[in-house]
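Colleague: One structure is given below, represented as structure tokens, and several questions about it will come after.
There are 2 protein chains.
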Amino acid sequence: MKPFELVLVGFGHVAQRFVTLLEELREPLARDYGVTTRITGIATRRHGRAYGARGLDAVSLAEGVRHGEAVGRAGDGSSSDFIRQIAAKSAAAEESRLVVVETTTLEIGDGQPAIDHVQTSLACGAHVVTANKGPAAFAYRALAAAAVRAERRFLFEGAVMDGIPIFNLVRETLPAVTPIGFRGVVNSTTNYMLTAMEAGQSFGDALAEMQAMGVAEADASLDVDGWDAAAKTAALANVLLGASLTPHTIEREGITPATGLRAVAARKMGRRLKLVARAGREGDRITARVGPEELAEDDLLAGLEGQQNAVVFHTELLGEIAVVQRGAGLTQTAYALVADLVTIGREVTAAERSARRARPPARPGRSRGGCGRR
Amino acid sequence: MKPFELVLVGFGHVAQRFVTLLEELREPLARDYGVTTRITGIATRRHGRAYGARGLDAVSLAEGVRHGEAVGRAGDGSSSDFIRQIAAKSAAAEESRLVVVETTTLEIGDGQPAIDHVQTSLACGAHVVTANKGPAAFAYRALAAAAVRAERRFLFEGAVMDGIPIFNLVRETLPAVTPIGFRGVVNSTTNYMLTAMEAGQSFGDALAEMQAMGVAEADASLDVDGWDAAAKTAALANVLLGASLTPHTIEREGITPATGLRAVAARKMGRRLKLVARAGREGDRITARVGPEELAEDDLLAGLEGQQNAVVFHTELLGEIAVVQRGAGLTQTAYALVADLVTIGREVTAAERSARRARPPARPGRSRGGCGRR
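Going down the list, the sequences are from chains G and A. The numbering used here puts the first residue of the first sequence at 1, with every later residue one more than the last. The numbering used here puts the first residue of the second sequence at 1001, with every later residue one more than the last.
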């Protein structure tokens, strides 16, 4: 069982938690899914780069970064160059065992350089798993096509609702079901703020609390102006509805101190104000919108308190299906990367196993006990 | 692309809808999953049996059954004998392309003869998909082991929450996550009745309405005495928590006209009474219970109206994850069988494809466009 070789592009909180989570799950991943890993490259924004063909001690490096140390010297060229260099040195790319773990932060202008990282990885024979919403929100169609051409996977379960399966749910467990739309509450910071403002807290205090807890984005506009929700909506619509949206082509209204007053007034009328993300087909067009909506109290989305998230899918065949996330945090986001890695691991090891056998699936034969004898 | 050969054991409403749904989904199943099918055997309880090596016109036979016609002559021996005879005649069993679609109704005494049907199918080289809760509720461990030995699949997504993925969700999309417990509302009839009784309807009228709609089981005790919920709880606990429960070892309290009065009283206090199914680990033991519980109004389960169902999983790694079913019906249950069939189809065709190639996964090579040139 050869290990998967991982290159981490981005080494912030999510990647650091990913590294420790990989250690915590080492045994079940190897035993149940045949997935073992070696981290050979780490590219950071402000703490240099590290490469080690035999594997880096990423847990120690993460510890060091938390104390302000660098993982290595500042590198020449971009992170995409770093990916190229490692892919050129390693046999793992040819063996379909090189995986780039992309965790840079969302750049709401154009989704770069994350899109470049994904493109380069695929072109160099690496699979990519990312927690960054940008690639699926800005360039899903092109990247999905590039992945098919490269015979590699481009996965991004962590882009929406952290580790709660959304994309995997539809892809793996709902075959032949085509969602025709969805609505959801997908931004934790604004949902917490609306709940807090209903209870009398000020806009500024509620936002400050979320920032202190590390939940809110460093740039508050990403949350309160609805950009994060719009990026998630674009990713969901592009992947599930076949849309070609970007966060900029989505109708978007965020929350302000005045929204807090509306939330209080709604609550008094037995209703709840939520920042709702929605998309659906209207004839040939996909329309998508993010904005505050007043919901009846018995609406599933109305009951989401604090940081809870949910997405309700509309399907023709099965009616509505809702998935609700009731706990959120770094571990959940890091787990999404692990789940995507396992998806890749299962496929690669299954393909290798079949190739080794090089014969049709097992033949129990009719003479087995229990069939003929009764 | 060879077709899968299907043998239908049980030909009631669910199987009849399965047959038409297969037709409706013929194109996406073939195009997207490489799954084509041929129904060669049908065994019914009161309408005889049919076998046709080249495929039966199951849609017409279903139409006939609805008008009281038989599908064929009454057969000799049991349905398990019928499965054995077909497996012996067909090359599909050896090719891992024989699938028994088991839709007999739950026998709450001991889960038979459905368990026999599953055992025989696996022993004869057939995969089994079933919508019957009995096999997983009474004999999961033995049947799962038999499936491993036979190198065939035993799948039962339709046993809980119809076509909404529960078992597949945990198995396919939450690798290395071990649920430590769950609670849910899993019986549509009693949830509808509780909602109706809150609004002033009588127990008898509410039950009669569910029976008239074909939602309630023919034997009302299965619903109102909590047996259906207990069977689902056993199946969930056995599969997800590794328990060895049966519906009879689960603490169980159903609903009565008096429960309706409790529901009305609870509602007046801003609370909701629901028939809650729950299981969890207590030390080394798994405890499980079905019974009415008063829930706070903001509890996700409290908000389930009418026939809605939900299961909330508790996990150490990800906290709570809830899946909510908002539309229920025959189509959903029939879809669960289709989804399980696709799971089998994906595996078999992937294994065949890999065996044909008999070489390691594709090698994009480093000279591809986009990797080196930038």
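Just so it is clear, CB atoms sit at the ideal spot from N, CA and C, and this is done for glycine as well.
Based on the DSSP output, what are the partners of leucine 1098 of chain A in its beta bridges?
Modeller: Within the second sequence, residue 1098 of chain A is the residue found at index 98, counting from 1. Residue pairing by DSSP places leucine 1098 of chain A opposite A:Glu1005 in a beta bridge.
Colleague: Give, in chain order, every residue of the stretch 25-57 of chain G whose Cβ lies closer than 8 Å to some Cβ of chain A.
Modeller: Leu25, Pro28, Leu29, Asp32 and Tyr33
Colleague: Opposite glutamine 1016 of chain A in the DSSP bridges: which residues?
Modeller: The residue labelled residue 1016 of chain A in the question sits at position 16 within the second sequence. Note: glutamine 1016 of chain A sits in no beta bridge, so no partner.
Colleague: Can you name, in chain order, every residue of its own chain whose Cβ lies under 7 Å from the Cβ of leucine 122 of chain G, other than the five neighbours on each side?
Modeller: In the first sequence, counting from the first residue as 1, residue 122 of chain G sits at position 122. Excluding positions up to five away in sequence, the list reads Val128, Ala146, Ala147, Ala150, Arg152 and Phe154.
Colleague: Excluding the 5 residues flanking isoleucine 1344 of chain A on each side, which residues of the same chain have their C-beta closer than 8 Å to its C-beta?
Modeller: Walking along the second sequence from the start, residue 1344 of chain A turns up at place 344. Hits under 8 Å: Phe1004, Val1099, His1127, Val1129, Arg1153 and Leu1155.
Colleague: Go ahead and pull the three-state DSSP assignment for lysine 384 of chain G.
Modeller: What is shown of chain G runs 1 to 374, which leaves residue 384 of chain G out entirely.
Colleague: Output, in sequence order along the chain, the residues in the stretch 343-357 of chain G whose CB is closer than 7 Å to any CB in chain A.
Modeller: Val348, Ala350, Ala351, Glu352, Ser354, Ala355 and Arg357
Colleague: Considering just the uninterrupted stretch of the beta strand (DSSP E) at glutamate 1294 of chain A, what are its terminal residues?
Modeller: As a working mapping, residue 1294 of chain A is identified with position 294 in the second sequence. Residues 1285-1296.
Colleague: Quick one: what's got a C-beta closer than 7 Å to threonine 1037 of chain A's C-beta in the same chain, skipping five residues either side?
Modeller: Looking up residue 1037 of chain A in the second sequence gives position 37. Scanning its chain for C-beta atoms nearer than 7 Å, with the 5 sequence neighbours on each side dropped, one finds around threonine 1037 of chain A the residues Pro1003, Phe1004, Leu1006 and Leu1022, in chain order.
Colleague: Relative to the alpha-carbon of glycine 1111 of chain A, which residue among A:Pro1135, A:Glu1172 and A:Glu1102 has its alpha-carbon at the smallest distance?
Modeller: On the second sequence, position 111 is the one that residue 1111 of chain A refers to. For the residues A:Pro1135, A:Glu1172 and A:Glu1102, the minimum Cα distance to glycine 1111 of chain A belongs to A:Pro1135.
Colleague: Using the Cβ count rule (16 or more neighbours within 10 Å means buried), how would you classify arginine 1054 of chain A?
Modeller: As a first step, residue 1054 of chain A must be located in the second sequence, where it is residue number 54. Under this definition arginine 1054 of chain A is an exposed residue.
Colleague: Give, in chain order, every residue of the stretch 1276-1299 of chain A whose Cβ lies closer than 8 Å to some Cβ of chain G.
Modeller: Asp1298
Colleague: Can you grab the Cα-Cα spacing for the pair glutamate 1282 of chain A / isoleucine 1180 of chain A, in whole Å?
Modeller: For this step, residue 1282 of chain A is matched to residue 282 along the second sequence. For this step, residue 1180 of chain A is matched to residue 180 along the second sequence. Rounded to the nearest angstrom, the two C-alpha atoms are 10 Å apart.
Colleague: Report the option in A:Asp1032, A:Asn1187 and A:Arg1066 whose CA atom is closest to the CA atom of valine 1290 of chain A.
Modeller: By one-based count along the second sequence, residue 1290 of chain A stands at place 290. Cα-wise, what sits closest to valine 1290 of chain A is A:Asn1187.
Colleague: Counting only Cβ pairs nearer than 7 Å, list the residues of chain G close to arginine 1066 of chain A.
Modeller: Looking up residue 1066 of chain A in the second sequence gives position 66. None at all; the shortest Cβ gap to chain G is about 22 Å.
Colleague: Looking only at its own chain, which residues have a Cβ that is under 8 Å from the Cβ of leucine 1143 of chain A, when we skip the five neighbours before and after it?
Modeller: The count along the second sequence starts at 1 and reaches residue 1143 of chain A at position 143. Ile1115, Val1118, Gln1119, Leu1122, Pro1135, Ala1136 and Phe1154, listed in sequence order.
Colleague: Would you please verify whether the beta carbon of valine 388 of chain G is less than 8 Å from any beta carbon of chain A?
Modeller: In the structure as shown, chain G starts at 1 and stops at 374, and residue 388 of chain G therefore has no counterpart that could be examined.
Colleague: Give the interface partners of threonine 1331 of chain A over in chain G, defined as CB-CB distance under 8 Å, in chain order.
Modeller: Indexing the second sequence from 1 puts residue 1331 of chain A at position 331. Residues of chain G passing the Cβ test: Leu317 and Leu318.
Colleague: Could you tell me which chain A residues have their CB closer than 8 Å to the CB of isoleucine 164 of chain G, listed as they occur along the chain?
Modeller: Taking the first residue of the first sequence as 1, we reach residue 164 of chain G at position 164. Simply Leu1318 and Ile1321.
Colleague: Which residue marks the beginning of the beta strand (DSSP E) containing glutamine 1307 of chain A, and which one marks its end?
Modeller: Counting from 1 along the second sequence, the entry for residue 1307 of chain A is found at position 307. No beta strand (DSSP E) contains glutamine 1307 of chain A, which DSSP labels as neither H nor E.
Colleague: So what does histidine 1314 of chain A bridge to, in DSSP terms?
Modeller: What you label residue 1314 of chain A is simply residue 314 of the second sequence in a count that begins at 1. For histidine 1314 of chain A, which the question treats as bridged, DSSP gives the partners A:Gly1181 and A:Glu1320.
Colleague: From alanine 102 of chain G to glutamine 1085 of chain A, what distance separates their C-alpha atoms?
Modeller: Taking the first sequence and counting its residues from 1, the one referred to as residue 102 of chain G is at position 102. Taking the second sequence and counting its residues from 1, the one referred to as residue 1085 of chain A is at position 85. Per the sequence shown, the amino acid found at residue 102 of chain G is glutamate instead of alanine. Straight-line Cα distance between these residues: approximately 54 Å.
Colleague: Methionine 161 of chain G: buried (16+ other C-beta within 10 angstroms of its C-beta) or exposed?
Modeller: Here residue 161 of chain G refers to the residue found at position 161 when the first sequence is read from its first residue. Methionine 161 of chain G should be labelled buried.
Colleague: If you drop the 5 nearest sequence neighbours on each side, which residues of the same chain put their C-beta closer than 8 Å to that of arginine 366 of chain G?
Modeller: For the purposes of this step, residue 366 of chain G is taken as residue 366 along the first sequence, with counting starting at 1. Note that arginine 366 of chain G scores a pLDDT of 44, beneath 50, so its modelled location is shaky; the value from the coordinates is reported in the next line. Result list for arginine 366 of chain G: Gly372, in chain order.
Colleague: In terms of residues, what are the limits of the beta strand (DSSP E) holding alanine 43 of chain G?
Modeller: Working through the first sequence from its first residue, we reach residue 43 of chain G at position 43. Where alanine 43 of chain G is concerned, the enclosing beta strand (DSSP E) stretches over 37-43.
Colleague: Please report the straight-line C-alpha distance between threonine 331 of chain G and aspartate 1298 of chain A, rounded to a whole angstrom.
Modeller: As a position in the first sequence, residue 331 of chain G is number 331, starting the count at 1. As a position in the second sequence, residue 1298 of chain A is number 298, starting the count at 1. If you draw a straight line from the Cα of threonine 331 of chain G to the Cα of aspartate 1298 of chain A, it is about 26 Å long.
Colleague: Between A:Lys1274, A:Leu1245, A:Tyr1335 and A:Thr1256, which lies nearest to asparagine 1309 of chain A when the distance is taken from Cα to Cα?
Modeller: On the second sequence, position 309 is the one that residue 1309 of chain A refers to. Of the candidates A:Lys1274, A:Leu1245, A:Tyr1335 and A:Thr1256, the one whose C-alpha sits nearest the C-alpha of asparagine 1309 of chain A is A:Lys1274.
Colleague: Among G:Ala92, G:Thr333 and G:Arg46, which has the Cα closest to the Cα of glycine 163 of chain G?
Modeller: Counting from 1 along the first sequence, the entry for residue 163 of chain G is found at position 163. For the options G:Ala92, G:Thr333 and G:Arg46, the alpha carbon positioned closest to that of glycine 163 of chain G is the one of G:Thr333.
Colleague: Between the alpha carbons of aspartate 76 of chain G and leucine 169 of chain G, how many angstroms are there, rounded?
Modeller: The sequence position of residue 76 of chain G within the first sequence is 76, counting from 1. The sequence position of residue 169 of chain G within the first sequence is 169, counting from 1. In a straight line, the C-alpha of aspartate 76 of chain G is about 40 Å away from that of leucine 169 of chain G.
Colleague: Check this for me: beta carbons of glutamate 1293 of chain A and threonine 1195 of chain A, under 8 Å apart or not?
Modeller: For the purposes of this step, residue 1293 of chain A is taken as residue 293 along the second sequence, with counting starting at 1. For the purposes of this step, residue 1195 of chain A is taken as residue 195 along the second sequence, with counting starting at 1. No, these two residues do not count as a Cβ contact at 8 Å.
Colleague: For phenylalanine 138 of chain G, which three-state DSSP category applies?
Modeller: Your numbering for residue 138 of chain G matches position 138 in the first sequence. Residue state, collapsed to three classes: helix.
Colleague: Kindly give me the distance between the Cβ atoms of valine 1009 of chain A and isoleucine 1083 of chain A, rounded to whole angstroms, as I take these residues to be in contact under 8 Å.
Modeller: Taking the second sequence and counting its residues from 1, the one referred to as residue 1009 of chain A is at position 9. Taking the second sequence and counting its residues from 1, the one referred to as residue 1083 of chain A is at position 83. With 8 Å as the limit, valine 1009 of chain A and isoleucine 1083 of chain A qualify as a contact, their Cβ atoms being about 7 Å apart.
Colleague: What beta strand (DSSP E) runs, 3 residues minimum, are completely inside the stretch 105-159 of chain G?
Modeller: 127-130
Colleague: Need the endpoints of the alpha helix (DSSP H) that leucine 61 of chain G sits in, please.
Modeller: Indexing the first sequence from 1 puts residue 61 of chain G at position 61. Residues 58-66.
Colleague: Measuring straight from C-alpha to C-alpha, what distance separates alanine 87 of chain G and arginine 1356 of chain A?
Modeller: Taking the first sequence and counting its residues from 1, the one referred to as residue 87 of chain G is at position 87. Taking the second sequence and counting its residues from 1, the one referred to as residue 1356 of chain A is at position 356. One C-alpha to the other measures close to 28 Å.
Colleague: Following the continuous beta strand (DSSP E) through glycine 1280 of chain A, name the residue where it begins and the one where it ends.
Modeller: Numbered from 1 along the second sequence, position 280 holds the residue referred to as residue 1280 of chain A. Taken as a continuous stretch (DSSP letters only), the beta strand (DSSP E) holding glycine 1280 of chain A covers 1271-1282.
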